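There are 2 protein chains.
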Amino acid sequence: MELLKPSTANSPPLTPLGFLDRAATVYGDCPAVIYNSTTYTWSQTHHRCLQLASSLVSFGIRRGHVVSVFAPNIPAMYELHFAVPFAGAILNNINTRLDARTVSVILRHSESKLVFVDCASRALVLEAISLLLPNSQRPVLILITDDTVEPSSSSITDDFPDTYEGLVEKGDPGFQWIRPNTEWDPMILNYTSGTTSSPKGVVHCHRGAFMITIDSLVDWAVPKQPIYLWTLPMFHANGWSYPWGIAAVGGTNVCVRKFDAGIVFGLIERHGVTHMCGAPVVLNMLTNSPNNKPLRNPVQILTAGAPPPAAILFRTESLGFVVSHGYGLTETGGLMVSCAWKPRWNRLPATERARLKARQGVRTIGMAEMDVLDPESGLSVKRDGSTMGEVVLRGGCVMLGYLKDPEGTSKCFKNGWFYTGDVGVMHPDGYLEIKDRSKDVIISGGENLSSVEVESILYTHPSINEAAVVARPDEYWGETPCAFVSLKSGIEEKPTEKEVIEYCRANMPHYMVPKTVVFKDELPKTSTGKIQKFVLRNIAKNMGTTQKNKSRL
Amino acid sequence: MELLKPSTANSPPLTPLGFLDRAATVYGDCPAVIYNSTTYTWSQTHHRCLQLASSLVSFGIRRGHVVSVFAPNIPAMYELHFAVPFAGAILNNINTRLDARTVSVILRHSESKLVFVDCASRALVLEAISLLLPNSQRPVLILITDDTVEPSSSSITDDFPDTYEGLVEKGDPGFQWIRPNTEWDPMILNYTSGTTSSPKGVVHCHRGAFMITIDSLVDWAVPKQPIYLWTLPMFHANGWSYPWGIAAVGGTNVCVRKFDAGIVFGLIERHGVTHMCGAPVVLNMLTNSPNNKPLRNPVQILTAGAPPPAAILFRTESLGFVVSHGYGLTETGGLMVSCAWKPRWNRLPATERARLKARQGVRTIGMAEMDVLDPESGLSVKRDGSTMGEVVLRGGCVMLGYLKDPEGTSKCFKNGWFYTGDVGVMHPDGYLEIKDRSKDVIISGGENLSSVEVESILYTHPSINEAAVVARPDEYWGETPCAFVSLKSGIEEKPTEKEVIEYCRANMPHYMVPKTVVFKDELPKTSTGKIQKFVLRNIAKNMGTTQKNKSRL
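Protein chains in written order, with my numbering: chain A, 1 to 553; chain B, 1001 to 1553.
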């Protein structure tokens, strides 16, 4: 037995890139990408990606170079998920909601050689470039034109020596794409949006991208040829791996430049959408939209990115969406924990179903192990649904590490685990529930208190649109919960702080009830739509300590 | 980038074994295995496998030991796919249709430490043991009792120191299963049935088993919780990986001891079967059975193992089966080429659809590459659907190699490819069609002639049940096709040799028409149901050379 070793024939590097070759063979004449009035077949998409990759090589892009993209969910963005690694390069999607300063930090840190820039973001990227240090190398900028945004934007300027379509046209459709030397070669560089700190460059290898892609297909039971609507930004952890996944199953990618509930409902009807993804905030926007309407056919919607309040899950399902809920981080390239649904739960009342579905769930089949560890002892916490600990993971889709940050990398890789920084509990049935980011836990009178739990109850209040709860320093308790809320539009009688607190008292243990409620027109968000708790935490801190308060109990 | 290397957290060994832990968590109270009146839930199956594994360890089984199984598709057979590797050992399924001599060869060659023996095969295995050389180590025999076969077989004898259920009962359900040290550790040892030569021991590692399992799930688009009927023997390339696959999706395994068309139709109805697999001979038996009846609900049936004649495909589909067709070898652990169906083919006439579906198809997404190479130049053959060459593969599910056979291993691993020994053509649309095993090609007048092609036309003859075509030496042409056929039962007027030849003349190019037709009550088969062409080839050879014959044209 010892003589039998892996060989070239049985250990070719795992990579999702070959999915596109196969899609062109099997689904060549089927629609691959639809955007407004443009449709590309899988055969066309395949050719376009090879052409673009060959042009990148002509531009001097080499194995291991970083190529950045600054664009929304348009066809170019989809194609670059294949074209950039086809050229041997590393794909770096940049969040289009970032400011120029952060973009310049990313360009400098990644040493990006070339940036594809959507025409709507030209000014911002130019500003970012102007902020680069004088001794930094300036990346080549390539303009992605879009007639629906700027009908006459095809002209080449000094800043943009070529356009995306120019590169496609010049390229060779017979280009032999550059295979990775090993499956551990880097393929993806994603900067975390950073709810708390400066962006970190998360590096994924070809094997990791392959693993998360097929794992996500099996876990969501994606059938052949789904119609997939791109409501989740591809710059957000590569759209949870579905750019590669949809090629694997020969589906149709319906692209959309901007999220708008009315447009989404229109596209669902027009193209017969079967699948889509989005953070809970997307579910919230869909259900709160005046344009919402019950779906003709069920649409599978996969949500993750934050624990979804049960009330939102419930409202989404009543429109006809079939909600699946999972959990992942930029560091895992997609969802590797999901709330696998048990058939018998269908017999439970709707609110109970929503409560169960709001849990993050169990590891997917590609993820080797998951646990919740006590921060002190490092041992598994009790499976009691209430003892909190840090969520740790081990599996093939966990990142290689953070770019140029050995300290950050070694901090989260300990004892053979990846430490997520998320705080959760393990229920008796083996399902994980995230309670908070470790830094978001409120410690009041020595008790750990999950801000997310308080928020999920605030979301059930009929007038509240969004809610975030953070710690406010307290003389007696150490910290107390402080709630920031925004109200739904069109509310006639706005609730008072006292009324909200009373609502909480009626619906949660007293020690969890916010001592302070602050009304805001809108809560501050990160570029990926997550509420910026560190901003709110600073506000709460500056409000001063709350007074000694013995009324608790 | 160079600093980022795989670590324990992101490179745990790939293995399908963890699927069972997960199934117990998610589908714990759902049926996992059904056999006659016995049903085990996933939770029970999980416990039983852990108990058995712990008993194996108590028996002295260690990492890397070989444990053999000699059983049909009964619950024990299913459980051993997890229990044996849970103990760190290598699972060796032995084909129950083999004779005692071959079984003894396998036991000696594999150095098997322990053999689980189905009660119905007790005598045969004891005979095999008696044939072992005096200096061979004798494996421990464990009896698998079955009340439906031998109501009083539970007694322990000298030959069988324990029973399967005894081991389960004694075992520890809290046993921590033994994880592989690396994903390249051997997990499976399957002996090829050998249509031509003595059995070879095909070794697969944990990674290979993981790859073929998830790949097979995605390729067949298996949904969650299918009802899977075990018509394909698990000893046949581990049932094409579905023992692990059905655990991954939490399905139900309906076990059946013996293939019988009437029983199969009954089980489909009784359990609401959704999925099953089988060689074309199984399809043939289903459609030719007097008990066949149109299905109430469509059943997915996956076929492979031999190129299925279009006529059989057609008849199977008219009963309501949805036939998928793939291609694999024991050396690939399952199917890694499949005839991915194009939606527009549904609009074609039924015979044309069947012709297309009889092709083997394209690589699955987990298989990195597939090609057909010219034996002389080693280059890809023309994609013209007629130039024959050898099928080669490269991918993560290709075996590690043959046990104790470095020569055989290096013979099939050349230039980074695995050489299948199968002869095929590549169609212009990129779909592979197998024409023959290389040794089955008939060379007549310098022309390569596919025996399978002649057979597929013979199968369309209304009176012919089975057909096999081999080369018969010919003075003038070198070789000519010689057909061996068996007729359907109940045929009133049996066709003559002349009539069959005339039928062929009307339906195929003249140079392909058999010069000889031999009628047989039954064609000789291997233990996996494949026709033994080498037996027929010997018969044809002994018939003497056919006479000079210029009538060809």
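Ideal placement from N, C-alpha and C gives every residue a C-beta, glycine not left out.
Here the structure is a predicted model, which means the values were calculated and not measured.
Step through the CB atoms of chain B and report whether any lies within less than 8 Å of the CB of residue i.
i: L107 of chain A; result: no
i: R33 of chain A; result: In the sequence on display, residue 33 of chain A carries Val and not Arg. Chain B, which has no Cβ nearer than 8 Å to the Cβ of V33 of chain A, makes this no.
i: C49 of chain A; result: no
i: M1 of chain A; result: yes
i: V57 of chain A; result: no
i: T25 of chain A; result: yes
i: W177 of chain A; result: no
i: A368 of chain A; result: yes
i: A237 of chain A; result: no
i: R552 of chain A; result: Note that R552 of chain A scores a pLDDT of 31, beneath 50, so its modelled location is shaky; the value from the coordinates is reported in the next line. No, its Cβ sits nowhere closer than 8 Å to a Cβ of chain B.
i: I246 of chain A; result: no
On the CB-based measure, 16 or more other CB atoms within 10 Å of its CB, does residue i come out buried or exposed?
i: R1101 of chain B; result: exposed
i: L536 of chain A; result: buried
i: H1510 of chain B; result: exposed
i: I443 of chain A; result: exposed
i: G445 of chain A; result: exposed
i: N351 of chain A; result: Reading the sequence as shown, one finds Thr at residue 351 of chain A and not Asn. Exposed.
i: R1022 of chain B; result: buried
i: S197 of chain A; result: Low per-residue confidence applies at S197 of chain A: pLDDT is 49, beneath 50, and the placement is therefore not dependable, though the value from the model is reported in the following sentence. When all chains shown are included, S197 of chain A counts as exposed.
i: T1038 of chain B; result: exposed
i: D147 of chain A; result: exposed
i: S456 of chain A; result: buried
i: N538 of chain A; result: exposed
i: K113 of chain A; result: buried
i: Q176 of chain A; result: exposed
i: L1379 of chain B; result: exposed
Return the first residue and the last residue of the alpha helix (DSSP H) that residue i is part of.
i: I1263 of chain B; result: A1261 to H1271
i: Q1044 of chain B; result: W1042 to S1058
i: T287 of chain A; result: P280 to N288
i: H1206 of chain B; result: H1206 to D1219
i: E317 of chain A; result: A310 to S318
Applying a beta-carbon distance threshold of less than 9 Å, which residues of chain B neighbour residue i?
i: T8 of chain A; result: R1394, F1413, N1415, G1416 and W1417
i: W184 of chain A; result: L1004, K1005, P1006 and S1011
i: A340 of chain A; result: R1022, T1025, V1026, Y1027, K1224 and G1250
Could you please give the first and the last residue of the uninterrupted beta strand (DSSP E) stretch that includes residue i?
i: D1436 of chain B; result: L1432 to R1437
i: F235 of chain A; result: Where F235 of chain A is concerned, there is no enclosing beta strand (DSSP E), given that its DSSP letter is neither H nor E.
i: T303 of chain A; result: V299 to T303
i: W417 of chain A; result: W417 to M426
i: S1406 of chain B; result: Residue identity differs from the one stated: residue 1406 of chain B is Pro in this sequence, not Ser. First-last for P1406 of chain B: P1406 to C1412, but that is the alpha helix (DSSP H), not the beta strand (DSSP E).
i: F519 of chain A; result: T516 to F519
i: S1241 of chain B; result: Element bounds for S1241 of chain B: n/a, residue is neither H nor E.
Name the DSSP beta bridge partners of residue i, please?
i: Y1027 of chain B; result: DSSP, once it has assigned bridges, lists no residue as partnering Y1027 of chain B.
i: E466 of chain A; result: A:S486
i: F1070 of chain B; result: B:V1117
i: N1538 of chain B; result: None; N1538 of chain B has no bridge partner.
i: I1090 of chain B; result: B:V1066
i: P481 of chain A; result: A:A471
i: S380 of chain A; result: A:L373
i: Y503 of chain A; result: Y503 of chain A is not bridged to any residue.
i: V1168 of chain B; result: Looking at the DSSP assignment, V1168 of chain B forms no beta bridge with any residue, so it has no partner.
i: F321 of chain A; result: A:V299
i: M969 of chain B; result: Outside the shown range of chain B (1001 to 1553) lies residue 969 of chain B, about which nothing can therefore be said.
Since residue i meets chain A, which of its residues come closer than 7 Å, beta carbon to beta carbon?
i: P1199 of chain B; result: In chain order: nothing, as chain A lies at least about 17 Å away.
i: R1359 of chain B; result: Residues of chain A passing the Cβ test: none, with the nearest at roughly 12 Å.
i: P1406 of chain B; result: L3
State yes or no: is the beta carbon of residue i nearer than 8 Å to at least one beta carbon in chain A?
i: P1343 of chain B; result: yes
i: L1379 of chain B; result: no
i: G1424 of chain B; result: no
i: G1018 of chain B; result: yes
Whose Cβ in chain B lies nearer than 7 Å to the Cβ of residue i?
i: K224 of chain A; result: A1221
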